[in-house]
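Working notes for the structure below.
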Amino acid sequence: MALTLAEREEISRHLVEGMSIRSIADRLRRAPSTVSREISRNGGLACYRATQADTEAVAASAPTKACKLVERPASARIVTAKLEMQWSREQIATWLKHTYPTRAFTCHTRRSTAACTSKHAVP
0 MALTLAEREE ISRHLVEGMS IRSIADRLRR APSTVSREIS RNGGLACYRA TQADTEAVAA
60 SAPTKACKLV ERPASARIVT AKLEMQWSRE QIATWLKHTY PTRAFTCHTR RSTAACTSKH
120 AVP
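Under numbering that gives the first Met the number 0, think of the first position of the sequence shown as 0, with each following residue one higher.
Here it is as structure tokens:
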């Protein structure tokens, strides 16, 4: 689970107070490696800033391009209907590939269908 802004602010405060990474991790109930990695990625012990770290984390987690299901509502309706029929994401991906082999809108892998449906809250 990703760190929240509140956790990042707590890391920043505790670093200023001179607490060790292990102590900070204990307070946050996080693994010391998580806290250490967060600090290392965002300026180190001397330069860590919570808001800057959070902004960069949000930017890094943002999708680089929109899912095809978001761009094409008709496709989303088809996938939603199949999900409502209790089809698995893998079944939908396979069905799309066989039903529409030449269409550009199809997600050609089970993984991409799963990513599209879960990221964009298709039921």
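Glycine included, every Cβ here is placed at the ideal spot set by N, Cα and C.
6 Å CB neighbourhood of residue i in its chain, flanking five on each side removed
{"i": "Ile20", "result": "Pro31, Val34, Ser35"}
Backbone CA spacing between residue i and residue j [nearest angstrom]
{"i": "Leu95", "j": "Ala52", "result": "40 Å"}
{"i": "Thr98", "j": "Glu70", "result": "20 Å"}
{"i": "Ser206", "j": "His13", "result": "Outside the shown range of the chain (0 to 122) lies residue 206, about which nothing can therefore be said."}
{"i": "Tyr65", "j": "Glu16", "result": "Note on identity: in this sequence residue 65 is Ala, with Tyr being the wrong assignment. Rounded to the nearest angstrom, the two C-alpha atoms are 42 Å apart."}
{"i": "Ala45", "j": "Arg7", "result": "15 Å"}
{"i": "Asn41", "j": "Glu9", "result": "14 Å"}
{"i": "Arg76", "j": "Ile91", "result": "12 Å"}
{"i": "Leu68", "j": "Ala56", "result": "25 Å"}
{"i": "Trp86", "j": "Pro100", "result": "19 Å"}
{"i": "Ser39", "j": "Pro62", "result": "23 Å"}
{"i": "Ala1", "j": "Ser60", "result": "10 Å"}
{"i": "Asp25", "j": "Arg88", "result": "38 Å"}
As assigned by DSSP and simplified to three states, the class of residue i
{"i": "His107", "result": "Since pLDDT at His107 reaches only 49, below the 50 mark, its modelled position is unreliable, and the value read off the structure follows with that caveat. If DSSP states are grouped into helix, strand and coil, His107 belongs with coil."}
{"i": "Arg29", "result": "coil"}
{"i": "Glu16", "result": "coil"}
{"i": "Trp94", "result": "helix"}
Sequence-distant residues of the same chain with beta carbon closer than 7 Å to residue i, five excluded per side
{"i": "Leu4", "result": "Ala49, Asp53"}
Inset, instruction - Pick out the complete alpha helix (DSSP H) segments inside the region 28-63, 4 residues or longer, and give them in chain order. - result: 31-40, 43-46, 49-60
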